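In my numbering, the protein residues as written are 63 to 250.
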């Protein structure tokens with residue numbers, strides 16, 4: 063039986079698990095939900111849960127190819143009200159925060175998030191892995207990306223894709239283990 067401890071909630075991974083994506087951004091490559099307001103986002107989350115989502119992933123910064131970075135403070139303004147509302151409305155549902163800012167990750171977990179989902183694997187904020195390690199039973203989703211969202215399409219050149227991905231994740235898994243993160247999910 064494969065499980066991940068999400069702040070005391072065990073997520074069973076023996077079968078596929080559906081994650082609903084909530085974009086609290088005005089500029090997502092997928093339908094943004096920020097323009098629907100907090101009540102609208104909660105309504106979308108209600109529908110996602112009814113359709114089988116076990117995890118709600120909240121992102122406040124577009125990471126579409128070519129997107130520009132926003133500061134952590136602006137991202138916090140977008141995601142914290144959403145995380146708080148979802149945590150209150152759906153106490154049994156696992157909430158993931160999609161961020162590469164350690165400050166946002168820490169605040170979102172304090173507000174009710176259970177998982178930190180980082181597209182940069184700590185490459186865009188050198189404090190991220192230590193920040194997640196400081197949290198109790200918070201899994202870390204470690205994703206591979208070359209460059210930044212603004213440059214990743216140009217930098218996605220590999221001599222040996224599988225070897226480079228494997229080498230990257232071996233290093234990241236060891237970094238997370240040494241920092242004290244017990245549950246790491248890789249997203250190649």
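C-beta atoms are modelled at their ideal positions from N, C-alpha and C, and glycine is treated no differently. Only a predicted model underlies this, so the values are computations on that prediction, with no experimental measurement involved.
Taking DSSP's pairing of strands, which residues face residue 121 in a bridge?
When DSSP reads this structure, residue 121 sits in a beta bridge with 85, 160.
Let me know if residue 109 comes out buried or exposed under the rule of 16 or more other beta-carbons within 10 Å of its beta-carbon.
Counting C-beta atoms within 10 angstroms of its own C-beta, residue 109 has fewer than 16 neighbours from the protein chains shown and is therefore classed as exposed.
With a threshold of 9 Å between beta carbons, is residue 79 in contact with chain B?
Protein chain content of the structure displayed is limited to a single chain, and chain B is not contained in it.
What are the partner residues of residue 65, as DSSP defines its beta bridges?
DSSP links residue 65 through a beta bridge to 74.
Contact between the region 164-173 and the region 132-147 is defined here as three or more beta-carbon pairs at a separation below 8 Å; is this criterion met?
In short, these stretches touch, since the Cβ pair count reaches three.
Measuring CB atoms only, is the region 129-137 touching the region 145-160, in the sense that at least three cross pairs come out at less than 8 Å?
Taking 8 Å as the limit for Cβ pairs, the verdict is that the region 145-160 does not touch the region 129-137.
What is the rounded straight-line gap between the Cα of residue 130 and the Cα of residue 86?
If I take the Cα positions, the gap works out to 15 Å.
Unbroken beta strand (DSSP E) run spanning residue 232, endpoints:
Element bounds for residue 232: not the beta strand (DSSP E) but the alpha helix (DSSP H), 223-241.
Measure the CB-CB distance between residue 178 and residue 148 and report whether it falls below 9 Å.
No. Outside cutoff.
Any idea what DSSP makes of residue 177, helix, strand or coil?
In the structure shown, residue 177 sits in a strand (DSSP, three-state: E or B).
Cβ pair residue 193, residue 158 closer than 9 Å
Their beta carbons are not under 9 Å apart, which means residue 193 does not touch residue 158 by this criterion.
Three-state class that DSSP yields for residue 171 in the structure shown:
DSSP, reduced to helix, strand and coil, places residue 171 within a helical segment of the structure shown.
If I measure Cβ to Cβ from residue 199 and keep anything under 8 Å in the same chain, skipping five residues before and after, which residues do I get?
Within the same chain, and ignoring the five residues on either side of residue 199 in sequence, the residues whose Cβ sits closer than 8 Å to its Cβ are 67, 68, 69, 70, 244, 245.
Classify residue 132 as helix, strand or coil using the three-state DSSP reduction.
In the structure shown, residue 132 sits in coil (DSSP, three-state: anything other than H, G, I, E or B).
Rounded to the nearest angstrom, how far is the Cβ of residue 173 from that of residue 145, given a contact under 8 Å?
4 Å between Cβ atoms; contact.
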